[in-house]
Amino acid sequence: ETGVTQSPTHLIKTRGQQVTLRCSSQSGHNTVSWYQQALGQGPQFIFQYYREEENGRGNFPPRFSGLQFPNYSSELNVNALELDDSALYLCASTRRDAVEGYTFGSGTRLTVV
Amino acid sequence: DQQVKQNSPSLSVQEGRISILNCDYTNSMFDYFLWYKKYPAEGPTFLISISSIKDKNEDGRFTVFLNKSAKHLSLHIVPSQPGDSAVYFCAASLGVTGGGNKLTFGTGTQLKVEL
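Chains as they are written, first to last, in the numbering used here: chain A, 42 to 154; chain B, 79 to 193.
Below is the structure:
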């Protein structure tokens, strides 16, 4: 069984640009969440998708948006990048009725200069 | 507002001894708690969880204890091994099942197991 895969692994963008991060969920998982982990902090919940619809959102501005596709893969889009958006972005998937924890990908390291 | 707190940023333990990692939370509505382990350049890996209806859960060398009245949980690793060296995150969620609910993470504790 394949795990959660994220692309790209590293990315450098300029302030004001837009970025799209991608995630393939683990086989059999139908719920995808995105987290932002700043240096020295724990992961912070951005939003969650289930059945292609946003199903919960953390304290992030609207310039953070996402999509989930019929195959349960997902994208995170960030517009008008700011320096503080520099972080590790983690994608996590699970089955909706699961009692075990989420399966996380290795993340995308985004640097905004 | 940090609802899940790990007040020890680092912990050093000798191989074979017990490692105890602590976590405190402020939101009494949390009723499912998880521990994740994270190696550099990898995503967090699920380790063990506990529901609020229990006060202890064991899985091999790992045991999690929950004290609801104190809003405190701890992870015990016995015996500690060098491969356990990693950052450990405590996380909490609303709802008995972890799946489908957002996780609120602490800031992590770097565990180093020395030979």
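From the three backbone atoms N, C-alpha and C, an ideal C-beta is built for every residue, glycine too.
Using beta carbons (cut-off 8 Å, strictly below), is residue i in contact with chain B?
i	result
A/SER106	no
A/PRO102	no
A/LEU131	yes
A/PHE145	yes
A/PRO49	no
A/GLN109	no
Work out the CA separation of residue j and residue i for me, nearest whole Å.
i	j	result
A/LEU129	A/ASN71	23 Å
B/GLN81	B/GLU136	25 Å
B/SER143	A/TYR143	In the sequence on display, residue 143 of chain B carries Phe and not Ser. Their Cα atoms are separated by approximately 20 Å.
B/GLN159	A/ARG56	43 Å
A/ARG150	A/PHE105	16 Å
A/THR46	A/VAL119	19 Å
B/VAL102	B/ASN145	Strictly speaking, residue 102 of chain B in this sequence is Asp, with Val absent from that position. So the alpha carbons of these two residues sit roughly 10 Å apart.
A/GLN89	A/ARG98	7 Å
B/ASP109	B/SER130	5 Å
A/GLN78	B/LEU112	17 Å
A/LEU124	A/LYS54	10 Å
A/GLU93	A/LEU108	7 Å
Check whether the Cβ of residue i lies closer than 8 Å to any Cβ atom in chain A.
i	result
B/PHE143	no
B/LYS134	no
B/SER90	no
B/LEU153	no
B/THR104	no
B/SER130	no
B/THR185	yes
B/GLY176	With a pLDDT of 48 at B/GLY176, under the threshold of 50, the modelled position of this residue cannot be trusted, and the question is left open.
B/LEU189	no
Just to check my reading of the structure: residue i and residue j have Cβ atoms closer than 8 Å, yes? What is that Cβ distance to the nearest angstrom?
i	j	result
B/LEU189	B/TYR166	6 Å
A/THR43	A/GLN67	7 Å
B/LEU99	B/LEU172	Contact flag wrong, Cβ pair sits at about 23 Å.
(message) To be precise: take each residue of the region 52 to 78 of chain A, compare its Cβ to all Cβ atoms of chain B, and keep it if any distance is under 7 Å. Which residues remain?
(response) THR72 and SER74
(message) Could you check whether the region 64 to 79 of chain A touches the region 105 to 120 of chain A, counting it as contact only if at least three pairs of C-beta atoms, one from each stretch, sit closer than 8 Å?
(response) yes
(request) Output, in sequence order along the chain, the residues in the region 111 to 123 of chain B whose CB is closer than 9 Å to any CB in chain A. (result) Residues of the region 111 to 123 of chain B whose Cβ lies closer than 9 Å to any Cβ of chain A, in chain order: LEU112, TRP113, TYR114, LYS116, ALA119, GLU120, GLY121, PRO122 and THR123.
(message) Measuring CB atoms only, is the region 78 to 89 of chain A touching the region 178 to 185 of chain B, in the sense that at least three cross pairs come out at less than 8 Å?
(response) yes
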